[in-house]
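Residue numbering for the sequence shown follows the UniProt record's numbering, starting at 1 and increasing by one per position. Beneath this line is the structure, given in structure tokens, with notes to follow.
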Amino acid sequence: MIDSARLLTDLRRQLTLLTRDLKAQAEDPSLHWSQDLRRQHREATERERTALTWPEWRDGEVDQAAVAWIVATAFIRFCEDNALLDGARDAGGNVVALPWIGGPTAGPRGDRLARAAENETVFYRHHPAANPRDWLYEAFGLLASLPAGRLLVDREHNPVWRAPISSEAAQALLDFWRRRDDDGALVHDFTDEGLGTRFLGDLYQDLSEFAKKKYALLQTPEFVEEFVLDRTLEPAVAEFGLTDLKLIDPTCGSGHFLLGAFARLVGKWREEAPGADDRDFVQRALDSIHGVDVNPFAVAIARFRLTVAALHAAGDTSLVGAPDYDYHLAIGDSLLAAQGRQDALALDGDEEPFSYAAEDVGEYRDILDEGRYHVVVGNPPYITVKDKALNDAYRAAYSTCHRQYALSVPFMELFFRLARRYSAVGGAGYVGQITSNSFMKREFGTKVVEDLLSGHDVSNPVDLQEVIDTSGAYIPGHGTPTVILVGRRQLPSVPNVRAVLGVRGEPGQPADPANGKVWREIVDHLDQPEGFDGRFVTVAELSRDVLSRHPWSLVGGTAGALQKGLEGGAPRRLSAVLDRPVGGAIRAGADEIYMRPRRLSGERSVADLSREFVVGDGIRDYQNRSTERILFPYTEDLRPTERLDGVLWPWRTVLARRATFQGNMADAGLRWSEYMQFTPWSVLAPRSITFAFVATHNHFVLDRGGKVFKQSAPVIKLRAGASEDEHLDLLGVLNSSTACFWLKQVSYEKGAGSHGLGIADELWEWRYEFAGTKLQEFPLPATFPRERARALDTLAQELAAASPGNLVAHVLENEGDVEGRVRAAREDWELLRRRMIFDQEELDWEVYRLYGLIDEDVTYHGGALDEIDLGERAFEVALARAVASGAEETAWFERHGSTPVTELRSVWPADYRAVVERRLALTESNSKVRLLERPENKRRWATDRWDAQLRDALRAAVLDRLEEPALWRDAAGPVVRSVAQIADLVRDDASVRAALRLLTGAEDADAVTTLTALLKDEAVPFLAAHRYTTSGLEKHAEWRKVWDLQRREDAGERVTIPVPPKYRTPDFRTTAIWRARGKLDVPKERLTSYPGVRVGDDATPVLGWAGWDHADQAVAIARLIGTLASDDPNRTALVAGLVELEPWLHQWHSDPDPRLGTSAAASISAMIDDELAHLGATRDDVAAWRPDPPARGRRRTVRA
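Following this line, the structure appears as structure tokens:
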């Protein structure tokens, strides 16, 4: 039996090799496949089927073709090992010698691997010009020639027939499948008496990372598929019968729903007509099953799995002689094909619809006809649409697409449109799907809830019958919170909807997800007539009116009552005190182009054109810890300015083509360098409150003006003239545990954080999206915890001032007792933090009383204590006791670096101990307080520890010193330096010495060694060939073409400029370069490296300053070349660096420089000419230079 995990790991490496091979084929204009790809891309662009650039689109086709080769050979291998092709005959009627690729090395059929090699040898004897690819085509051809195998490697549409891999790649693929382990056994043996094909589902989901992201590949677990079929297929069969029953999954993937439905239908046909022919049962079941998917290899896998299931169900043991069953599985875009076309909403004249070569949905007549199906089931993709052309097409076709919609929205509309509509002659079809719950609370879900699921759309009536919150259940692979919806395509007839409401999430990862605590409560109690109020879910009847309004809140148990109580008892909502709706953030549309680290804000003399940039991740615990600045393309009076045009010029096309609601930037009346959306009031406001848009808990900060806010940090603006005290009123209540609870009830939960296992282990790890529209409805109490908020705001400012990042310069300013100053600073910082923890706890309990949740005042009024540590709060004591008794399991204490405390601290004064005891008693007796006093609502104080902050601050201090411009110039101008030279230059700097001593913990640490390690990931190579991988160089070439076109445009020429492709991590040679540059290749590194170059006998790395302009970069390289011997092998790479800089020099530095007597551009061009003459090379020659590939360690070999 196959080891699925090992197969997947090994095939990923094979996929990399095939992708590299096919990419070369795709770029070879002499090959038919390359020509055909270019034609398809051109037509798809013209017909608005795609807006992707050629490299982006081509990469998708190459990935599909590479996967197709792997999947097709996996089909052959499975058939070989399970004798599914034995007895096959060729066109002449001769029995075909098997196998082609391999098989078990021992067993009743002998050494099949040796026989495969012999058969291949005989093939070459008869076909001397053939190669390994031709041998694989022989295997594919036989499979395709069988009635039962025709569609598995369809000659018309399967990429293997159009995308020929090289002979070498084919041989590597054969060698892969023929590998043996140390015992001589086949590494990947598919022998399985039960003909299990689940491993193909694993390949579908995880083989290709590219496809996984593009198509949001995700298998539906069997227990979920069975549940959905129970709620849809079973009642449909009971109502409509088996004859002519039709089921479809328009997002079928690798076929889980289809296989489950097939098995059920075969069984039901056997029960209905016992003794009839098994093959007849199989065809009847297959006639009911329909599926469509946009991913070609997903459909190929689904067809194969369904074919094997059909063989098994009919009792057949081979594809040879098996019937030519009719299958109804198509490749195509369901969302477009359901509208009667694949390319556009309307076709002019008699123009034929455009389809990609791999698509065959047009050959399946009526497969996506509206109102055809008794059952529609599926697990649609949840991603947003990146391709603008497709995004626009879906938006035009589906009225529920709203704002930045996820694909779950149009598919929800499509699912119901495909179902039979109720009529006098027949009942309505059943619809069931598991989908992302993002539509329930995010704004894009407004239309799908209020127009579609409400049942108000008479053209597509929806009778929602079951809404099942599965966000708390452990569903493997589903990191996105989900909901299951079941309904029928008819007008609603009853006022209520059966709902499963979440109470608590799965407390851990269950050994068997199908028996997880949350899932079992759902399954066991959904049909309980009187409802159910359990530990994890509540089953109840919800008013259809409630579900007809957006947002939905599927909260059960005490939580629902608490939410209603907070809202019902509030004298006013937050919106009543606001000057304008929550928002105020900019939408740059390409943030990374504008963003700069604070140390780079003075780049090219634009310090006055950058501002502090507030990002959501930097808003924590009453502080704004954001470390970025953003280029600000506006004047002081907030008019657009041209002063940043030069800095932003390399990304001009990207910026100009940003998509607004009116079209591109020019269509919207905006300069190309402006932000897409800019609200001046947020910058002008002297005071406002900002918050983290996405976080596990609520974090609000009082801002005192002058900043720019990212979308992840929306702004709350109070009415004009509001005092600081009024801001503090809101700051306190919004940061309370009560507010955290309420916000989570109305906000979209995004799923697990970085520690999640598909879902978060615990509820306090869930990240939420706190949208401004929801926040505006926050219920305010009659009075506020103003003084607590004032204290916390003050302490937060003091804590920020005491942090290592702000103190390090003072600590290092003279040698003295540096360690002593560090210890004192640490003690101050930790004390301030403990005081904040204390005050926040007091604020939380004060707010409970302000909302009327408790009657008594249980805040501390004594003066003997004003600090506590993590782990000492009342809820943590209760939690620690529950853990000690075995009632709870939690990682709360470990994750937050605290110690569980089960007994109150003996050092606390008696009056404070009494307060905490009373809090514990209230938590035990008051169910609403008990709910609020849970980790998911209490502040985490998840701050980096002092030691980590100090280490980062010391590193930054040293690196900042090494970036001082004077260090990178001498009397002759810009100069590169080796690390050893840098160490010599800063050796007498007391602050650097102290910082290095603290970093290493050694008094006599070697400066050269320490700096070498420190600078390792801070420099990016000067040359493209050193920065990018092969794929990255290809994208860089596209960017260079764009820059050339922009220069022509600047010269007055009318040109069409394509949007250049974005980079990905694999496009860079190291992750450090990727971190410094990102997807738009924006330089944010500190230093430039010159790999392989030495300064004399000095073997330490040679570096330059990344803050140099193009002229300084060129001069530094020119001077470096002058130090090298005439035969130094590094000269070619350095000259290539000058060639890369040459266009920029002529663009920005063509004016005469008095120091040079000519322009920098002319001077460097002349030097390039001289160097090329010396090398006997051209500019193209040196531009094609590539470094030697990095040496790799030896890998364990497996015998072929």
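Every residue gets a Cβ at the ideal spot worked out from N, C-alpha and C, and that includes glycine. Remember, predicted model here, so these are calculated numbers, not experimental data.
Query: Closest by C-alpha distance to Ala685, when choosing among Gly706, Trp672 and Glu674; Result: Gly706
Query: Residue from Ala1099, Gly1107 and Gly1092 with nearest C-alpha to Lys1084; Result: Gly1107
Query: Between the CA atoms of Glu225 and Asp202 - distance to the nearest angstrom; Result: 16 Å
Query: Secondary structure of Arg498, DSSP reduced to three states; Result: strand
Query: Selection from Ala236, Met676, Met836 and Arg1086 that minimises the alpha carbon distance to Gln711; Result: Met676
Query: Given 8 Å, three or more beta-carbon pairs between the region 937-952 and the region 803-810; Result: yes
Query: Nonlocal neighbours in the same chain, by C-beta distance under 8 Å from Ser1165, ignoring five residues either side; Result: Glu1142, Leu1145 and His1146
Query: Complete runs of the alpha helix (DSSP H) confined to the region 462-486 [at least 4 residues]; Result: none
Query: Cut-off 6 Å between Cβ atoms - residues of its own chain near Phe678, not counting five sequence neighbours on either side; Result: Ile586
Query: Segment contact flag, the region 326-339 with the region 291-298, C-beta cutoff 8 Å, min 3 pairs; Result: yes
Query: Alpha-carbon spacing of Pro935 relative to His290, whole angstroms; Result: 47 Å
Query: Exposure of Asp469, with buried meaning 16 or more beta-carbon neighbours within 10 Å; Result: buried
Query: Integer Cβ distance of Pro650 from Trp69, believed to fall under 8 Å; Result: Actually they do not touch by this definition, with Cβ atoms about 38 Å apart.
Query: Option in Arg1186, Asp230, Ala720 and Glu450 with minimal Cα separation from His402; Result: Glu450
Query: Simplified DSSP assignment, three categories, for Trp135; Result: helix
Query: For Phe709 and Ala739, believed in contact at Cβ under 8 Å, the rounded distance; Result: The pair is not a contact, with the Cβ atoms about 20 Å apart (cut-off 8 Å).
Query: Closest Cα partner of Pro714 within the set Gly772, Ala428 and Arg13; Result: Gly772
Query: Beta-carbon gap between Phe411 and Thr251 smaller than 8 Å; Result: yes
Query: Spatial neighbours of Ala590 in its chain, beta-carbon cut-off 8 Å, leaving aside the 5 residues before and after; Result: Trp651, Val654, Leu655, Arg658 and Leu1080
Query: Leu265 versus Val320: straight-line alpha-carbon distance, rounded; Result: 25 Å
Query: Range covered by the beta strand (DSSP E) that runs through Asp1097; Result: It is not in any beta strand (DSSP E) - Asp1097 carries neither H nor E in the DSSP assignment.
Query: Straight-line Cα distance separating Ala358 from Glu80; Result: 26 Å
Query: Whole-angstrom distance between Tyr373 and Asp244, CA atom to CA atom; Result: 10 Å
Query: Under the three-state DSSP convention, the category Gly852 falls into; Result: coil
Query: Endpoints, the beta strand (DSSP E) within which Val1102 is located; Result: Val1102 to Trp1105
Query: Residues sharing a beta bridge with Ser737, DSSP; Result: Looking at the DSSP assignment, Ser737 forms no beta bridge with any residue, so it has no partner.
Query: Separation of Ala424 from Pro507, as counted between CA atoms; Result: 49 Å
Query: Integer-rounded CB distance, given that Ala163 should sit under 8 Å from Gln283; Result: At roughly 33 Å, the Cβ-Cβ gap does not stay under 8 Å, so Gln283 and Ala163 are not in contact.
Query: Segment contact flag, the region 1052-1071 with the region 569-587, C-beta cutoff 8 Å, min 3 pairs; Result: no
Query: Proximity to Ser737 [Cα-Cα], best of Glu846, Glu830, Phe691 and Leu638; Result: Glu846
Query: Cβ-Cβ distance between Arg77 and Ile101 below 8 Å; Result: yes
Query: Residue span of the beta strand (DSSP E) that contains Ala432, given as start and end; Result: Note that residue 432 corresponds to Gly in the displayed sequence, not to Ala. Start and end: Tyr430 to Ser436.
Query: Tyr848 beta carbon less than 8 Å from that of Leu932; Result: yes
Query: Neighbourhood of Asp1098 by C-beta, 8 Å cutoff - its chain only, sequence neighbours within 5 removed; Result: Ser978, Ala980 and Gln981
Query: Beta carbon of Ala389 nearer than 8 Å to that of Leu368; Result: no
Query: Pro296 - containing alpha helix (DSSP H), residue span; Result: Pro296 to Ala314
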